[in-house]
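A.B. asks: Provided herewith is a single structure, encoded as structure tokens, for subsequent inquiry.
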Amino acid sequence: MTTLTVRGLWLAIAALTAVLVGATAGLLAWAGGLNPPTAVLTGGGGFGGTLLLILSAVRFTAGEPQ
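As structure tokens, this is what we get:
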């Protein structure tokens, strides 16, 4: 596989994982009593944080130079 294909696969895995975490965070926030707009913002924060964490970890473990 080419490097571009591998990078695309890692991005897809990271995005799917981040969607699952964000949706779970939003649902838990809503079930915990937050109003829907605040629960959506909580889910968005969970999505963004998870995506950044996974992509940073992949870049670190791949050993790509700066």
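Add 1115 to a position in the sequence shown, counting from 1, and you land on the number used in my numbering. Glycine included, C-beta positions come from ideal geometry on N, C-alpha and C.
Identify, in the order they occur along the chain, each residue of the same chain with its Cβ nearer than 7 Å to the Cβ of Val1154, setting aside the five sequence neighbours on each side.
C.D. replies: To locate residue 1154, count along the sequence shown from 1; it is residue 39. Before going further, note that residue 1154 is Ala rather than Val in the sequence given. Cβ within range, chain order: Gly1141, Ala1144, Trp1145.
A.B. asks: Whole angstroms are fine: how far does the CA of Thr1165 sit from the CA of Val1121?
C.D. replies: Here residue 1121 refers to the residue found at position 6 when the sequence shown is read from its first residue. Here residue 1165 refers to the residue found at position 50 when the sequence shown is read from its first residue. Cα to Cα, Val1121 sits roughly 20 Å from Thr1165.
A.B. asks: Just checking my contact of Ala1127 with Ile1169 at CB under 8 Å: how many whole Å lie between their CB atoms?
C.D. replies: As a first step, residue 1127 must be located in the sequence shown, where it is residue number 12. As a first step, residue 1169 must be located in the sequence shown, where it is residue number 54. Going by Cβ atoms, the distance from Ala1127 to Ile1169 rounds to 11 Å, so no, they are not a contact pair.
A.B. asks: Count the other CB atoms, across all protein chains shown, that sit within 10 Å of the CB of Thr1117; report buried if there are 16 or more and exposed otherwise.
C.D. replies: As a first step, residue 1117 must be located in the sequence shown, where it is residue number 2. Classification for Thr1117: exposed.
A.B. asks: What separation, rounded to the nearest whole angstrom, lies between the Cα atoms of Phe1162 and Thr1139?
C.D. replies: Residue numbering aside, residue 1162 sits at position 47 when the sequence shown is read from its first letter. Residue numbering aside, residue 1139 sits at position 24 when the sequence shown is read from its first letter. Approximately 10 Å, taken between the alpha carbons.
A.B. asks: Looking at Thr1157: is its Cβ nearer than 9 Å to the Cβ of Leu1167?
C.D. replies: For the purposes of this step, residue 1157 is taken as the residue at position 42 of the sequence shown. For the purposes of this step, residue 1167 is taken as the residue at position 52 of the sequence shown. Contact: no.
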